[in-house]
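Residue numbers (the numbering used here), protein chains in the order written: chain F, 1 to 330; chain H, 1001 to 1177; chain D, 2001 to 2199.
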């Protein structure tokens, strides 16, 4: 088994930063363009590099350790995440789908991958959008576990989103640490690698699930998500919080209920999901209001015979704003 | 000193001493030797005799990636807290776990923010309270929403599944309390 | 504080990255585990291999160990599984390997007669150790011998031993310590030479 190395030692394959051109605009004029390049670099690194490591995610008092292995091959990237404490849970991602194993409930959840992940934005126009909503600049160079990292600061331009700090390896751009901050500048969550091997020879066996899916004990939930136009069904979001726009609309199965509408809004970084389903499909009956934990806020309210649930890594105001703006018109 | 080790082996050493001695065992080879010998004696008295495999296991352990399991949080893991809609309360309170700035784990403070953080939006109000209190949303449900949300979430970059892929059992346990 | 707390502390330390804490547990339970495995596997050399395997498996499985159950109980289950898997694998390769009904073994109790888990190489040393321990015990002053016997063989707490021997707990502690030291002293030459061999 490939030995994990502490962050201080690493193996690198050849890595080149891909140059790209940024459109110039007023928003960008006040942004440090090299900071934006860093974001692009970070994203490219997490996608294009092969790596394996252990990271710790912390939120409040809860801490969880996970192992991640990401291998890029001809057929595309493959990735496996596995929690290392308590009952092991896994996510396996390929280009086409995400499979999540939850052994505690003996459930396998399958989701079609709807495009690439959104953070940080990969397309130039998304970067521009990001710059409109956040003030992005470079911070100091700091050491994280033996690697010298460039700190990138994303400061929200209003109170409808959270702030972020990212630590990216100077050499490869790999994201080694990240923190999310609220409006009081208090840290909501953070993650950091404790062991990391970039490149070199990575054991493909790390990508295999430890579970046997053949077992009939698993309950399989396939989201069956398909693109749709919910406006045709009468659903609109009257207005979004500043900077947020709709990026996708889906019809999917959720928790055993089919035909659940799912709208995703984004400001280029933070995402807010809106779920719409018949109220009677929610058992036991839910209660309206806000539920929050750390960086996630969930706001629920009834609209006619339906139930709207809004989820996002955005402040409660944003989540409530969106929930209140959901309308049904026929 | 070795007398304390003898007591430690029997589980009869008091707390403070105990930690100190466990620490010493780490660095003091002679003390470790005593640990091994005391256990050998106990085993011999009980009639268990056999070759010592510790050295071989230790050698193999050197090549094993170090296991790192976080301390179980003193409070419920990822417990959800919803504002109970008690009759008569119009304004909400946001129930907030205060996050520690670093990795320390302070007591979470249950703060009641009557007007919500100052911002462009007004105070976050809970939905109209209904007669009696309904139970908060089943956490298993929220897990479903979070899972559905995850592919779009920036936390993908944090590569954490911690926040949403938690066991239903944990959730039910937390909800039940 | 009791023995179970001791184990729990060691496991917690191991889970936080202190490998040496796990090594202490290995040293503590190696023979007990080997004895268990010998009920499934007849060849002592194979017992050693499987025991090693079981400890490594246990180390890797630490993340899924919840400190509510006793460590040895958990280790015991891992040991049994490892032995079962080993037997299954052996069945494929060597049909003449002695079959052993593992179900029968699971119900064993501590008082049963032991099986010899020594290989030819270790047998001599083990015999010497056993003889040395027995001889030293016989020569110990009675109160020391009783104290250590009540602790190691009967598994009583210091408090209970103090009640039986009608003396303060501190005295119990000191007697057990002195008994151990006396035996350790006699074992010293054996263990030192043992270290040069496969030990």
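Yeah, the Cβ is synthetic: ideal placement off N, Cα and C, and Gly gets one too.
Please say whether residue j and residue i have beta carbons closer to each other than 7 Å?
{"i": "residue 328/F", "j": "residue 234/F", "result": "yes"}
{"i": "residue 159/F", "j": "residue 183/F", "result": "yes"}
{"i": "residue 250/F", "j": "residue 225/F", "result": "yes"}
{"i": "residue 1152/H", "j": "residue 56/F", "result": "no"}
{"i": "residue 2179/D", "j": "residue 2140/D", "result": "yes"}
{"i": "residue 106/F", "j": "residue 222/F", "result": "no"}
{"i": "residue 294/F", "j": "residue 133/F", "result": "no"}
{"i": "residue 325/F", "j": "residue 237/F", "result": "yes"}
{"i": "residue 230/F", "j": "residue 78/F", "result": "no"}
{"i": "residue 112/F", "j": "residue 35/F", "result": "no"}
{"i": "residue 323/F", "j": "residue 299/F", "result": "yes"}
{"i": "residue 141/F", "j": "residue 150/F", "result": "yes"}
{"i": "residue 202/F", "j": "residue 71/F", "result": "yes"}
{"i": "residue 2050/D", "j": "residue 2083/D", "result": "yes"}
{"i": "residue 46/F", "j": "residue 196/F", "result": "no"}
{"i": "residue 2019/D", "j": "residue 1061/H", "result": "yes"}
{"i": "residue 2169/D", "j": "residue 2148/D", "result": "no"}
If residue i sits next to residue j, beta carbons under 8 Å apart, how far is it from one beta carbon to the other, in whole angstroms?
{"i": "residue 291/F", "j": "residue 1145/H", "result": "Contact flag wrong, Cβ pair sits at about 10 Å."}
{"i": "residue 1012/H", "j": "residue 2174/D", "result": "About 12 Å; that fails the 8 Å criterion."}
{"i": "residue 98/F", "j": "residue 108/F", "result": "Going by Cβ atoms, the distance from residue 98/F to residue 108/F rounds to 11 Å, so no, they are not a contact pair."}
{"i": "residue 247/F", "j": "residue 274/F", "result": "12 Å between Cβ atoms; not a contact."}
{"i": "residue 1027/H", "j": "residue 2027/D", "result": "That pair is no contact at about 16 Å."}
{"i": "residue 2162/D", "j": "residue 2172/D", "result": "5 Å"}
{"i": "residue 2040/D", "j": "residue 2075/D", "result": "Between residue 2075/D and residue 2040/D the Cβ distance is about 15 Å, and since that is not below 8 Å, they are no contact."}
{"i": "residue 2003/D", "j": "residue 1010/H", "result": "7 Å"}
{"i": "residue 190/F", "j": "residue 62/F", "result": "About 12 Å; that fails the 8 Å criterion."}
{"i": "residue 2015/D", "j": "residue 1067/H", "result": "6 Å"}
Can you give the Cα-Cα distance for residue i and residue j, rounded to whole angstroms?
{"i": "residue 2159/D", "j": "residue 2036/D", "result": "30 Å"}
{"i": "residue 2007/D", "j": "residue 2063/D", "result": "16 Å"}
{"i": "residue 2121/D", "j": "residue 1035/H", "result": "24 Å"}
{"i": "residue 2138/D", "j": "residue 1037/H", "result": "19 Å"}
{"i": "residue 1051/H", "j": "residue 2126/D", "result": "7 Å"}
{"i": "residue 1108/H", "j": "residue 241/F", "result": "Because the pLDDT at residue 1108/H is just 30, under 50, the model does not fix this residue reliably, and the value given afterwards should be weighed accordingly. Looking at the two C-alpha atoms, the distance is approximately 30 Å."}
{"i": "residue 1044/H", "j": "residue 2010/D", "result": "23 Å"}
{"i": "residue 2123/D", "j": "residue 2045/D", "result": "12 Å"}
{"i": "residue 41/F", "j": "residue 127/F", "result": "12 Å"}
{"i": "residue 278/F", "j": "residue 1142/H", "result": "16 Å"}
{"i": "residue 289/F", "j": "residue 301/F", "result": "7 Å"}
{"i": "residue 92/F", "j": "residue 81/F", "result": "6 Å"}
{"i": "residue 2042/D", "j": "residue 48/F", "result": "52 Å"}
{"i": "residue 1001/H", "j": "residue 1069/H", "result": "31 Å"}
{"i": "residue 1134/H", "j": "residue 256/F", "result": "Interpretation of residue 1134/H is limited by its pLDDT of 33, a score under 50 that renders its predicted location unreliable; the figure taken from the coordinates is listed afterwards. Cα to Cα, residue 1134/H sits roughly 22 Å from residue 256/F."}
{"i": "residue 1030/H", "j": "residue 1024/H", "result": "10 Å"}
{"i": "residue 172/F", "j": "residue 220/F", "result": "38 Å"}
{"i": "residue 115/F", "j": "residue 147/F", "result": "Its pLDDT being 49, under 50, residue 115/F is placed unreliably by the model, and the measurement read from it follows with that caveat. Those two C-alpha atoms are separated by around 31 Å."}
{"i": "residue 2012/D", "j": "residue 1015/H", "result": "15 Å"}
{"i": "residue 194/F", "j": "residue 2038/D", "result": "40 Å"}
{"i": "residue 2144/D", "j": "residue 2129/D", "result": "19 Å"}
{"i": "residue 66/F", "j": "residue 210/F", "result": "14 Å"}
{"i": "residue 88/F", "j": "residue 1148/H", "result": "20 Å"}
{"i": "residue 181/F", "j": "residue 83/F", "result": "24 Å"}
{"i": "residue 2005/D", "j": "residue 1041/H", "result": "21 Å"}
{"i": "residue 2017/D", "j": "residue 64/F", "result": "15 Å"}
{"i": "residue 2071/D", "j": "residue 2024/D", "result": "13 Å"}
{"i": "residue 2150/D", "j": "residue 2156/D", "result": "6 Å"}
{"i": "residue 90/F", "j": "residue 2153/D", "result": "45 Å"}
{"i": "residue 2059/D", "j": "residue 96/F", "result": "35 Å"}
{"i": "residue 287/F", "j": "residue 2069/D", "result": "38 Å"}
{"i": "residue 104/F", "j": "residue 2085/D", "result": "24 Å"}
{"i": "residue 73/F", "j": "residue 94/F", "result": "11 Å"}
{"i": "residue 1020/H", "j": "residue 39/F", "result": "47 Å"}
Chain F contacts from the segment 2020-2040 of chain D (Cβ-Cβ distance under 9 Å)
none
Return the residues of the segment 206-238 of chain F that lie within a Cβ-Cβ distance of less than 9 Å from chain H, sorted by chain order.
221, 223, 225
Counting pairs of Cβ atoms below 8 Å between the segment 2074-2089 of chain D and the segment 2028-2043 of chain D, do you hit three or more?
yes
Please list, in chain order, the residues of the segment 74-85 of chain F that have any C-beta partner in chain H closer than 7 Å.
81, 83, 84, 85
Short-range partners of chain F found in the segment 2048-2079 of chain D, where Cβ spacing is below 9 Å
2063, 2064, 2066
Residues in the segment 88-107 of chain F with C-beta within 7 Å of chain D's C-beta atoms, listed in sequence order?
88
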